[in-house]
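Protein chains in written order, with my numbering: chain A, 14 to 322; chain B, 808 to 1126. Note that the Cβ used here is the ideal one computed from N, Cα and C, for glycine as well. These numbers were taken from a predicted model, which means no experiment stands behind them. What follows is one structure encoded as structure tokens, with my remarks underneath.
What follows is the structure, given as structure tokens:
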């Protein structure tokens, strides 16, 4: 389908100055990406978010002068004000700075989203490509797993797991990845089935290429670009899932701040401090929106033929 | 058609077995003791009674036997007793399922009523401001956290403006089935949950309409002098909608999963809230049943979707 013309040598080719000659998949894509203002804007916002999240410790100590768990009962429920940096977004019921907690929440959300999506990418690619390549029993098992997991509403499944185990962010991210690979696997499997009968794959098999080498050298490079796009979108989806399950109290547990569990608090004090409800929600929305926009932009950049659709 | 439905039902069996094994295994992996949870704060129970209870519940049987007994009971619609309510789980669930279905069905209708026109408009006005607007709405609708949207709805429209009720299914003292009061209460949860569907549908429909509109038979219909509306409704839409039917799988999944969150935000006494409360109370039989029943409902909806698909497109049956 989409990536017929992809060559495995793409990464080694130097970007050309003039664009009427194709210089390989990735540099072509980069060139197209630079000319797509929406995607560039989304990338900038996303980059800023990541930078802020990474610098959370530094900022909390030197700029806000508050740790995320510092309580100040005397100034609880203070409305957002410009008086001091740590009051910019107001304080919660324990007088903790919302601005600082939002920063640390970004850390948790982005960490869980990206590690989860990476796990999903590895699992999905591994399961999908092997199922599509070997077919037979293994294929049946993978298809059965995908259909079964797709038939359980994800939040219900996470709820039952959440009742039984209290998960720290790292295992939680792995768990989300372990449940989020279905879409990627489905796509990888379909593409592999289509590619394995291609002449160049058959030729490679005839000259004695092993199955592993065939998959790694000839099939995966052809499908990896769109897989990365799917994984990018998965980061956004997993951030949404994490915030939802943390919101109902079965995801990331306080005192670790996550955008989801900050909203649990905010919902509880809706009458007294309605301003608490905006920042975490907007943060999730903007982050996921940017991830989806970058994913879409990247897909168009990798395969401009799709853009007209 | 009958044979197609039968075969499709047969395909659902392995999926169902998978769900049962997973749910059973997960609860058995739990570190806490079911007897302890069941008896809760009752301290006047002797160790002998505990052993007797354990034996009578079959908790000393080997795991595979327990599993088979559990499945056998489920096949007879028996999910056991709720630890918390001390009532049969199935009764509790049956009370709640219709409430959840009200939201899902209403949301499906709203999604179709708004999503289909939007998809057609986006295709017909391709590249124009309408198309861009719908595209932006689609991406934003996917990215917005449902529960947060629900909270915003409650905060602005219910608490501040007082246009809608804050939650629950009826006004106090009113219970009239599907009357205006119920519809008034449904607007919030349905509006919020439909956003996800409305964000999904136009994107897929737009692609399909663009595909169909360039076909020869559409040109023929136009050149024989048919009015544009008749071409769109009778020739384009009828064909473009066929692949869209499959996309309802994703939409239904979002609705079912979303019920858990939305019913909590809007305090709607449905299956989602029941399962959530059971989870808070560590009421394992009820949580298990909630997960199994919501999955079964989802599988059943997938089945209905596939039957609808085979019905609108006779080629499918042959596959």
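Where residue i meets chain A, residues with beta-carbon distance less than 7 Å
| i | result |
| --- | --- |
| residue 1082 of chain B | 169 and 172 |
Neighbouring residues, chain B, relative to residue i (Cβ below 9 Å)
| i | result |
| --- | --- |
| residue 301 of chain A | 949, 950, 951 and 952 |
| residue 290 of chain A | 955, 958, 959 and 962 |
| residue 154 of chain A | Those within 9 Å of residue 154 of chain A in chain B number zero; the least Cβ separation is about 10 Å. |
Any C-beta of chain A under 8 Å from that of residue i
| i | result |
| --- | --- |
| residue 1063 of chain B | yes |
| residue 1093 of chain B | no |
| residue 1016 of chain B | no |
| residue 1001 of chain B | no |
| residue 830 of chain B | yes |
| residue 1043 of chain B | no |
| residue 1019 of chain B | no |
| residue 1031 of chain B | no |
Residue-chain proximity (residue i, chain B), Cβ-Cβ < 8 Å
| i | result |
| --- | --- |
| residue 124 of chain A | no |
| residue 257 of chain A | yes |
| residue 164 of chain A | yes |
| residue 323 of chain A | Limits of chain A in this structure are 14 at one end and 322 at the other, which puts residue 323 of chain A out of reach. |
| residue 157 of chain A | yes |
| residue 305 of chain A | yes |
| residue 315 of chain A | no |
| residue 176 of chain A | yes |
| residue 14 of chain A | Here residue 14 of chain A scores only 36 on pLDDT, less than 50, and its place in the model is too uncertain to base an answer on. |
Cβ separation of residue i and residue j, assumed to be a contact under 8 Å, to the nearest whole Å
| i | j | result |
| --- | --- | --- |
| residue 203 of chain A | residue 133 of chain A | Between residue 133 of chain A and residue 203 of chain A the Cβ distance is about 17 Å, and since that is not below 8 Å, they are no contact. |
| residue 164 of chain A | residue 822 of chain B | 5 Å |
| residue 934 of chain B | residue 1016 of chain B | Contact flag wrong, Cβ pair sits at about 14 Å. |
| residue 1120 of chain B | residue 1049 of chain B | 5 Å |
| residue 296 of chain A | residue 272 of chain A | 6 Å |
| residue 1000 of chain B | residue 1069 of chain B | 5 Å |
| residue 918 of chain B | residue 1008 of chain B | 6 Å |
| residue 126 of chain A | residue 306 of chain A | Residue 126 of chain A to residue 306 of chain A, Cβ: 15 Å. No contact. |
| residue 49 of chain A | residue 314 of chain A | 7 Å |
Cβ shell of residue i (< 8 Å), same chain only, five flanking positions each side left out
| i | result |
| --- | --- |
| residue 867 of chain B | 861 |
| residue 356 of chain A | Outside the displayed range of chain A (14 to 322) lies residue 356 of chain A, so it cannot be described from this structure. |
| residue 179 of chain A | 266 |
| residue 1163 of chain B | Because chain B in this structure spans residues 808 to 1126, residue 1163 of chain B falls outside the shown range and cannot be described. |
| residue 1024 of chain B | 1042 |
6 Å Cβ shell around residue i - same chain, five flanking residues per side excluded
| i | result |
| --- | --- |
| residue 911 of chain B | 1062 |
| residue 47 of chain A | none |
| residue 31 of chain A | Confidence at residue 31 of chain A is low in this model, with a pLDDT of 45, below 50, so the placement of that residue should be treated as unreliable; the coordinate-derived value is given next. Excluding residues within five positions, none has a Cβ falling inside 6 Å. |
| residue 175 of chain A | 263 |
| residue 808 of chain B | none |
| residue 1102 of chain B | 826 |
| residue 1074 of chain B | 974 and 975 |
| residue 293 of chain A | 272, 275 and 276 |
| residue 904 of chain B | 1078 |
| residue 23 of chain A | Residue confidence is low: residue 23 of chain A scores 43 on pLDDT, short of 50, so the model does not pin down where it sits. Its coordinate-derived value is still stated next. Once the five neighbours on either side are set aside, the close Cβ partners of residue 23 of chain A are 37, 38 and 39. |
| residue 155 of chain A | 140 and 144 |
Residues that residue i contacts on chain B, provided the C-beta gap is smaller than 7 Å
| i | result |
| --- | --- |
| residue 161 of chain A | 822, 825 and 826 |
| residue 298 of chain A | 950, 951 and 952 |
Contacts around residue i, its chain only, beta-carbon distance under 7 Å, and the 5 residues preceding and following it disregarded
| i | result |
| --- | --- |
| residue 262 of chain A | 277 |
| residue 168 of chain A | 257 and 258 |
| residue 7 of chain A | Shown here, chain A extends from 14 to 322; a query on residue 7 of chain A therefore has no answer. |
| residue 92 of chain A | 103 and 288 |
| residue 899 of chain B | 889, 892, 1081 and 1093 |
Proximal residues of chain A, C-beta to C-beta of residue i below 9 Å
| i | result |
| --- | --- |
| residue 1036 of chain B | Ordered by position in chain A, no residue passes the 9 Å Cβ test against residue 1036 of chain B, which lies about 25 Å from the chain. |
| residue 837 of chain B | 176, 177 and 178 |
Within chain A, partners of residue i - CB distance below 8 Å
| i | result |
| --- | --- |
| residue 833 of chain B | 173, 174 and 177 |
| residue 1149 of chain B | What is shown of chain B runs 808 to 1126, which leaves residue 1149 of chain B out entirely. |
Any residues in the stretch 233-263 of chain A with a beta carbon nearer than 7 Å to a beta carbon of chain B? Which ones, in chain order? 249, 253, 256, 257, 260, 261 and 263
Using a Cβ-Cβ cut-off of less than 7 Å, give me the residues of the stretch 1050-1074 of chain B that come near chain A, in sequence order. 1060, 1063, 1064, 1067, 1068 and 1071
Determine which residues of the stretch 864-880 of chain B have a Cβ less than 9 Å from any Cβ of chain A, and write them out in chain order. none
Which residues, taken in chain order from the stretch 267-296 of chain A, show a beta carbon closer than 9 Å to some beta carbon of chain B? 272, 273, 276, 279, 280, 283, 284, 287, 290, 291, 293, 294 and 295
Can you list, in chain order, the residues of the stretch 1095-1117 of chain B whose Cβ is nearer than 8 Å to any Cβ on chain A? 1095, 1097, 1098, 1101, 1102, 1105, 1106 and 1109
What residues from the stretch 918-950 of chain B come within 7 Å of chain A, judged by C-beta to C-beta, listed N to C? 946, 947, 949 and 950
Please name the residues in the stretch 964-979 of chain B whose beta-carbon is closer than 8 Å to at least one beta-carbon of chain A, in chain order. 966
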